[in-house]
Amino acid sequence: MTSRGRLAIAIAVIGGLACAGLPLILAGEPYLMRLVTMFSLLLVLAASWNIVGGFTGYPSFATGAFFGLGAYVAAILQAKGVDWRLALVAAGLAGGILAAPVGYGVLRLRGHYFAVASLMLGTILKELTTGWSDLTGGGMGLTIAGAGGDPEVLASFALRVSLALAVLTVLLGAAIKWSRLGFGLDCIRMNETAAAGIGVDAQRLKTYAFILSSIPSAVAGAVYAGWIGYIDPTDVYDVMWSVKPIVAVLLGGVGTILGPVVGAAIFVALEEIVWRNVLSFSAGGLGVLIVLLLLVLPAGVLPSLVSRKTRS
Amino acid sequence: MTAALLDVRHVSRRFGGLKAIDDVSFRLNEGEIVGMIGSNGAGKTTLVNLVTGHLRPSQGEISFRGQRITGRKPHELASRGLMRTFQVVQPFNALTALDNVAAAAMFAGGARSLSGAREQADAALSSLGIGHCRDHLPIRMTLAERKRLELARAWVAKPKLLFLDEVNAGLNTGEIEGVLGMIRKIAAEGVAIVIIEHLMKVVKGLCPQLIVLHRGQLLASGPTDEVARNPSVIEAYLGTRGAAAMLGEVR
Ligand SMILES: Nc1ncnc2c1ncn2[C@@H]1O[C@H](COP(=O)(O)OP(=O)(O)OP(=O)(O)O)[C@@H](O)[C@H]1O
Ligand SMILES: [Mg+2]
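Chains as they are written, first to last, in this note's numbering: chain A, 1 to 312; chain B, 1 to 251.
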């Protein structure tokens, strides 16, 4: 069997065991459950971002826009009595449907221009959500029906769903990276002009990548909404939902399959350590730590480990 | 009269106030080998960019294999058999030579699977004399090897028409001989080739037909010997100083 096949099976097996085992192991540990759920959601966003930012080389700041959209689509549907499973699917669909025209338009821009344009999407959605208060509750936010039950049951449920989503997103990344699409994205990242010259339909492939990346992000928002039970525009459209996944991937290893996993774990751990110890200065302390780490390991933890191993 | 493989009609391209290509028309037939010459900045690369879809003409029409292709995208034209190499080599730096070529076999050449694409790529690399570079990254290859890599990438796409933008620039005499051999090999398969080249010796050895660009305009076209004897070509392209030397070469 190829090394790719082994890695895919390893991800599926370890991921499946985590989905089945962790909720049992962590039962009665609300703090750890919350931590692992946060990790899983961040991992979903990081692995999604990696498809566009890592594989394709387009540094998107739109992750948070799809996260927020998914949260609102699911919250509104659930408020109308729609089953949570359907609400998650609808959130993913909404993300993908929005990503198609947005990606097609915005991916014509490169570098900083693309980054700034993608950042605007969240801002626009936030304004629209706040303005359309009949549907969204405006700045007052929305409470998700059905979240009023047993908090322990809800926490365990959110943990399982977010873990499963994280495993699927990592597998999606692997499937893309090893496909014809991934080969084309590789070429686009390295040299888009040359890619076009050898027959790569860059506009189409970039748009596919953008759509595929937006779907898990939107579903993550939906899971988050159901978990937290209350959402408002400043929370779910917070730019940090776009920034944290990027930092996580940079920490773990850009464009690698497991980089998002390692990076999300480091990020959540750092956030927790700093948060507990220097409460008053948490954001700044976290920032400094991250910058230091990136200075020491510019390629991210995974690639640095691998190259150190091959060197020795 | 059979339809031309490529038909360029009254094509112009402006960059701001500069007319980089000014009302250029020419036709190419299947399997034809044509040299394109012109001094620095004459518009040769711009013309290639226009024909291969990397730039849009400001005016004019281009047809390829009987179909209008004006404004079509490079990737589409590449898949239809219209390929080019870049004057400044443009390899995919994190891919091995093999995968550089396999990508072309896959996206422009229509290979179904990666393994199939790699097989084609392997054959092309060996046949162009850079089989030993198969697993190298482009950065570890010499300029001559990278130029051949560009050729291999264009070749596996199974082109009908291939533009070679100064594939010999920067190579020494021995290396040029090697590359010329490769070009002959590709031409022998019936691929029409347009060679942009500064060295008159190369053009004369390879191209029965010649196109001369000067300040964006088509100055002359026709059989190489005739065009090269054309006084206005000699004056415009070589200046009066080089004229004698060139005439000497032609005879
Ligand atoms: N993208 C561009 N924007 C503005 N001007 C351009 C552009 N591309 C080419 N030009 C200008 O058009 C003219 C023709 O350039 P082109 O590169 O086609 O010449 P060339 O014949 O290929 O020259 P060389 O032999 O140096 O490669 C030049 O004056 C060049 O500066
Ligand atoms: Mg040129």
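Glycine is no exception: its CB is placed at the ideal position from the N, C-alpha and C atoms.
If we cut at 8 Å on Cβ distances, does B:S79 have a partner in chain A?
To locate residue 79 of chain B, count along the second sequence from 1; it is residue 79. Taking Cβ atoms only, chain A reaches closer than 8 Å to B:S79, which makes this a yes.
Would you decide whether A:L295 is buried or exposed? Buried here means 16 or more other CB atoms lie within 10 Å of its CB.
The residue given as residue 295 of chain A occupies position 295 in the first sequence. Label assigned to A:L295: exposed.
Name the residue from A:A91, A:S118, A:A90 whose alpha carbon lies nearest to the alpha carbon of A:P101.
Position 101 of the first sequence, counted from the first residue, corresponds to residue 101 of chain A. Nearest option by C-alpha distance: A:S118.
Buried or exposed: B:P138, going by 16 or more other Cβ atoms within 10 Å of its Cβ?
Counting from 1 along the second sequence, the entry for residue 138 of chain B is found at position 138. Classification of B:P138: buried, given that the 10 Å Cβ count is 16 or more.
Using a threshold of 8 Å, state whether the C-beta atoms of B:G43 and B:G216 are closer than that.
Here residue 43 of chain B is taken as the residue at index 43 of the second sequence, counted from 1. Here residue 216 of chain B is taken as the residue at index 216 of the second sequence, counted from 1. Going by C-beta atoms, B:G43 is nearer than 8 Å to B:G216.
Any heavy atom of ligand 1 inside 7 Å of the beta-carbon of B:Q59?
Locating residue 59 of chain B in the second sequence gives position 59, where the first residue counts as 1. Flag unset: Cβ of B:Q59 not near ligand 1.
Measure the alpha-carbon distance for A:S3 versus A:L35 and round it to whole angstroms.
Counted from its first residue, the first sequence places residue 3 of chain A at position 3. Counted from its first residue, the first sequence places residue 35 of chain A at position 35. Spanning the two alpha carbons is a distance of roughly 32 Å.
Selection from B:I195, B:I183, B:S12, B:T52 that minimises the alpha carbon distance to B:R80
The residue given as residue 80 of chain B occupies position 80 in the second sequence. Closest option to B:R80, Cα to Cα, is B:T52.
Which whole runs of the alpha helix (DSSP H) in the region 33-93 of chain B are 4 residues long or more, in chain order?
44-51, 74-79
Buried or exposed: which applies to A:W132, given that a residue is buried once 16 or more other Cβ atoms fall within 10 Å of its Cβ?
Residue numbering aside, residue 132 of chain A sits at position 132 when the first sequence is read from its first letter. So A:W132 counts as exposed.
Specify the secondary structure class of B:D23 as computed by DSSP and reduced to three states.
What you label residue 23 of chain B is simply residue 23 of the second sequence in a count that begins at 1. Strand at B:D23.
Three-state secondary structure assigned by DSSP to B:G17
Position 17 of the second sequence, counted from the start, is the residue given in the question as residue 17 of chain B. In the structure shown, B:G17 sits in coil (DSSP, three-state: anything other than H, G, I, E or B).
Helix, strand or coil for A:Y230 per DSSP?
Position 230 of the first sequence, counted from the first residue, corresponds to residue 230 of chain A. Looking at A:Y230 - three-state DSSP - the assignment turns out to be strand.
Ligand 1 site residues, beta-carbon cut 5 Å against heavy atoms
B:F15, B:A20, B:N40, B:G41, B:A42, B:G43, B:K44, B:T45, B:T46
Is the Cβ of A:R110 closer than 8 Å to any Cβ of chain B?
Here residue 110 of chain A refers to the residue found at position 110 of the first sequence. By this cut-off, A:R110 is not an interface position.
Just the C-alpha distance for A:L86 and B:A104, rounded to the nearest angstrom, thanks.
The residue you call residue 86 of chain A lines up with position 86 of the first sequence. The residue you call residue 104 of chain B lines up with position 104 of the second sequence. Straight-line Cα distance between these residues: approximately 42 Å.
Per-residue contacts from A:G95 into chain B (C-beta, under 9 Å):
As a working note, residue 95 of chain A is residue 95 in the first sequence. Going along chain B, no residue has its Cβ under 9 Å from A:G95, so there is no contact; the nearest lies around 27 Å.
Is the CB-CB distance between A:A218 and A:L43 below 8 Å?
Translated into positions along the first sequence, residue 218 of chain A becomes position 218. Translated into positions along the first sequence, residue 43 of chain A becomes position 43. No, the Cβ-Cβ distance between A:A218 and A:L43 is not below 8 Å.
When the Cα atoms are used, what is the spatial distance from B:A20 to A:I51?
Numbered from its first residue, the second sequence carries residue 20 of chain B at position 20. Numbered from its first residue, the first sequence carries residue 51 of chain A at position 51. Their backbone Cα atoms lie some 39 Å apart in a straight line.
To the nearest angstrom, how far is it from the Cα of B:L213 to the Cα of A:R6?
As a working mapping, residue 213 of chain B is identified with position 213 in the second sequence. As a working mapping, residue 6 of chain A is identified with position 6 in the first sequence. Whole-angstrom Cα-Cα distance: 57 Å.
Which residues mark the beginning and the end of the alpha helix (DSSP H) in which B:G222 is found?
In the second sequence, counting from the first residue as 1, residue 222 of chain B sits at position 222. B:G222 -> not in any alpha helix (DSSP H); beta strand (DSSP E) instead, spanning 217-223.
Which one or two residues does DSSP pair with B:S12 in a beta bridge?
Start at 1 with the first residue of the second sequence, and residue 12 of chain B comes out as number 12. BP columns for B:S12 point to B:Q59.
Quick check: is the beta carbon of B:N257 nearer than 8 Å to any beta carbon in chain A?
As shown, chain B starts at 1 and ends at 251. That puts residue 257 of chain B outside it, with no answer to give.
Give a yes or no on whether the minimum CB-CB distance between A:G197 and chain B is below 8 Å.
Translated into the one-based positions of the first sequence, residue 197 of chain A becomes position 197. A:G197 counts as touching chain B.
Check B:A192 in the structure and name its three-state DSSP category.
Indexing the second sequence from 1 puts residue 192 of chain B at position 192. Correct three-state label for B:A192: strand.
Taking C-beta to C-beta, are A:G300 and A:R189 nearer than 8 Å?
Reading the first sequence from its first residue, position 300 is the one you call residue 300 of chain A. Reading the first sequence from its first residue, position 189 is the one you call residue 189 of chain A. Against a cut-off of 8 Å, the Cβ pair of A:R189 and A:G300 comes out as no contact.
Which residues, in chain order, does the region 152-169 of chain B contribute to contact with chain A at a C-beta distance below 7 Å?
R153, A157
Following the continuous beta strand (DSSP E) through B:I211, name the residue where it begins and the one where it ends.
Counted from its first residue, the second sequence places residue 211 of chain B at position 211. B:I211 -> beta strand (DSSP E) spans 209-214.
Start and end residues, beta strand (DSSP E) containing B:L162:
On the second sequence, residue 162 of chain B is found 162 positions in, with the first residue counted as 1. Unbroken beta strand (DSSP E) run through B:L162: 161-165.
Using a Cβ-based criterion (distance less than 7 Å to any ligand heavy atom), does B:D22 qualify as near ligand 2?
Counted from its first residue, the second sequence places residue 22 of chain B at position 22. Not under cutoff, so the answer is no.
Just to check, is the beta-carbon of B:D165 closer than 7 Å to a non-hydrogen atom of ligand 2?
On the second sequence, position 165 is the one that residue 165 of chain B refers to. Yes, since a heavy atom of ligand 2 falls inside the 7 Å radius drawn around the Cβ of B:D165.
Report the neighbours of A:R4 on chain B: residues whose CB is nearer than 8 Å to its CB, in chain order.
For the purposes of this step, residue 4 of chain A is identified with residue 4 of the first sequence, where counting begins at 1. Within 8 Å Cβ-Cβ: nothing; A:R4 doesn't reach chain B, min ~11 Å.
Who are the near neighbours of A:G96 in its chain, counting only those whose CB is closer than 7 Å to its CB and skipping five residues on each side?
Residue mapping note: residue 96 of chain A aligns to position 96 of the first sequence, counting from 1. Here the set comprises I211, S214, I215.
Tell me, please, which residues DSSP counts as bridged to B:D7.
Looking up residue 7 of chain B in the second sequence gives position 7. In the DSSP output, where bridge partners are listed per residue, B:D7 has B:R27, B:S63.
Within 8 Å of any Cβ in chain A, is that where the Cβ of B:F15 sits?
As a working note, residue 15 of chain B is residue 15 in the second sequence. Answer no: the Cβ-Cβ gap between B:F15 and chain A never drops below 8 Å.
Examine ligand 2 and report whether any of its heavy atoms sits within less than 7 Å of the Cβ of B:Q209.
Taking the second sequence and counting its residues from 1, one reaches residue 209 of chain B at position 209. Every heavy atom of ligand 2 is 7 Å or more from the Cβ of B:Q209, so no.
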